[in-house]
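Q:
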Amino acid sequence: MILLMENNIIQQLAHLRTKCPLVQNISNFVVMNNTANALLAIGASPIMSHAKEEMPEMLQLVNSLVINIGTLDVEWAKAMIFAANCANELQKPWVLDPVGAGISKLRNETLKQLLDLHPTVIRGNASEIMALHSFETATVKGVDSTESSSTAIDAAKSLNKTFGSIVCISGEIDYIVSDNEIIEINNGSPLMTKVTGLGCSSTALIGAFLGLGLNPFEEAAAGVAVLSLAGELAALKSNGPGSLQMNLYDQLYQMDTATLEDKLKIKRYAYSS
Numbered sequence: 009m010i011l012l013m014e015n016n017i018i019q020q021l022a023h024l025r026t027k028c029p030l031v032q033n034i035s036n037f038v039v040m041n042n043t044a045n046a047l048l049a050i051g052a053s054p055i056m057s058h059a060k061e062e063m064p065e066m067l068q069l070v071n072s073l074v075i076n077i078g079t080l081d082v083e084w085a086k087a088m089i090f091a092a093n094c095a096n097e098l099q100k101p102w103v104l105d106p107v108g109a110g111i112s113k114l115r116n117e118t119l120k121q122l123l124d125l126h127p128t129v130i131r132g133n134a135s136e137i138m139a140l141h142s143f144e145t146a147t148v149k150g151v152d153s154t155e156s157s158s159t160a161i162d163a164a165k166s167l168n169k170t171f172g173s174i175v176c177i178s179g180e181i182d183y184i185v186s187d188n189e190i191i192e193i194n195n196g197s198p199l200m201t202k203v204t205g206l207g208c209s210s211t212a213l214i215g216a217f218l219g220l221g222l223n224p225f226e227e228a229a230a231g232v233a234v235l236s237l238a239g240e241l242a243a244l245k246s247n248g249p250g251s252l253q254m255n256l257y258d259q260l261y262q263m264d265t266a267t268l269e270d271k272l273k274i275k276r277y278a279y280s281s
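Under the numbering used here, the first residue of the sequence shown carries the number 9, and numbering increases by one thereafter.
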């Protein structure tokens, strides 16, 4: 099964670099540059646009949509909800990054409306995933997680059952949860937590792989796996957060079959609900 998953990701990466999927990003001010560069480095093409008025035309063109609520305001919230509706009408896959879920009424109400539109994939840290599951009991620390990723698995299963979304939990171990299977990825580096927006970059890469239009569960896993492995390899060559960010783009650009076969730590197993 491990070899099969590696082969799936290798094939998806090759397909992505051939297709160069166009990814619409409604993202936040902090990470726009980072995520656009990550998408370019892996072989996708980013559009960073937020105006509600151009969403119908944009969604006609793109292969997938990424919604990241990091620097939310009322007008952006309207654009996000409108874009998600457009994506659904056009049958385009979309991924939701619930940055800071649980920290404010505006954020929570926006997320509730977005969840009701059934994202193809949700990606967040453990605290964000647990907040999506139960806003009333959420324990948060800004946009940082207060929980280990494994503690959010039950919340992820519940979100999948309610909304049908593949749920990705980022942390020391990354988990990708479907209705009957879980993929675990044991790559990454603690140094990645010292660079802002690498979780958002993972979300953007998920969006790129979703643009292939094949298997959302496996595409979500590919996006998480490639970013986590690139971060791990970049950390080995870095003296600190600044050089990590630079080296990460290079590792994404250089990611190849041999590296995935040799370095990827992944397993896939079934579960019963």
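Built from N, CA and C at the ideal position, the CB exists for glycine as well.
Only a predicted model underlies this, so the values are computations on that prediction, with no experimental measurement involved.
Could you tell me which of R115, W102 and A139 sits nearest to K86, measuring between CA atoms?
A: Counting from one through the sequence shown, the residue named residue 86 turns up at place 78. When only C-alpha atoms are compared, the closest one is R115.
Q: With 16 as the cutoff for other CB atoms within 10 Å, does S210 come out buried or exposed?
A: By one-based count along the sequence shown, residue 210 stands at place 202. Label assigned to S210: buried.
Q: Quick one: grab the DSSP three-state call for E97.
A: As a first step, residue 97 must be located in the sequence shown, where it is residue number 89. Helix.
Q: Out of N247, K275, L241 and I274, which one is the CA nearest neighbour of Q262?
A: As a working mapping, residue 262 is identified with position 254 in the sequence shown. Here the closest residue by C-alpha is L241.
Q: Tell me which residues share the same chain as Q19 and place their Cβ nearer than 7 Å to its Cβ, disregarding the 5 neighbours each side in the sequence.
A: As a first step, residue 19 is located in the sequence shown; it is residue number 11 there, counting from the start. There are no such residues.
Q: Between the segment 25 to 44 and the segment 193 to 211, are three or more C-beta pairs nearer than 8 Å?
A: Because the criterion of three Cβ pairs below 8 Å is met, the segment 25 to 44 and the segment 193 to 211 touch.
Q: Would N293 and V31 qualify as a contact pair, given that the criterion is a beta-carbon distance under 8 Å?
A: A query on residue 293 cannot be resolved here, the shown segment of the chain reaching from 9 to 281 and no further.
Q: According to DSSP, is I89 part of a helix, a strand, or is it coil?
A: Here residue 89 is taken as the residue at index 81 of the sequence shown, counted from 1. Note: I89 maps to helix in three-state DSSP.
Q: Pairing CB atoms from the segment 185 to 193 with CB atoms from the segment 92 to 106, are three or more of them under 8 Å?
A: no
Q: Report the CB separation of S135 from E155 in whole angstroms; it is logged as a contact under 8 Å.
A: Within the sequence shown, residue 135 is the residue found at index 127, counting from 1. Within the sequence shown, residue 155 is the residue found at index 147, counting from 1. Confirmed, about 5 Å.
Q: Classify N133 as helix, strand or coil using the three-state DSSP reduction.
A: In the sequence shown, the residue the question calls residue 133 occupies position 125. Strand at N133.
Q: Could you pull out every residue in the same chain whose Cβ sits closer than 7 Å to the Cβ of G239, ignoring the five residues on either side in sequence?
A: Sequence index remark: in the sequence shown, residue 239 carries index 231 (1-based). Same-chain partners within the cutoff: G196, S197, M200, L206 and L256.
Q: Say whether the segment 110 to 128 touches the segment 73 to 91, bearing in mind that this needs 3 or more beta-carbon pairs closer than 8 Å, one atom from each stretch.
A: yes
Q: Starting from L123, trace the beta strand (DSSP E) in both directions and tell me its first and last residue.
A: Reading the sequence shown from its first residue, position 115 is the one you call residue 123. From DSSP, L123 is part of no beta strand (DSSP E) but of the alpha helix (DSSP H) over K113 to L123.
Q: Find the nearest neighbour of V234 within the set L218, G250, L268 and D124, judged by alpha-carbon distance.
A: Taking the sequence shown and counting its residues from 1, one reaches residue 234 at position 226. The option with the nearest alpha carbon to V234 is L268.
Q: DSSP on K273, reduced to helix/strand/coil?
A: Locating residue 273 in the sequence shown gives position 265, where the first residue counts as 1. Coil, per DSSP.
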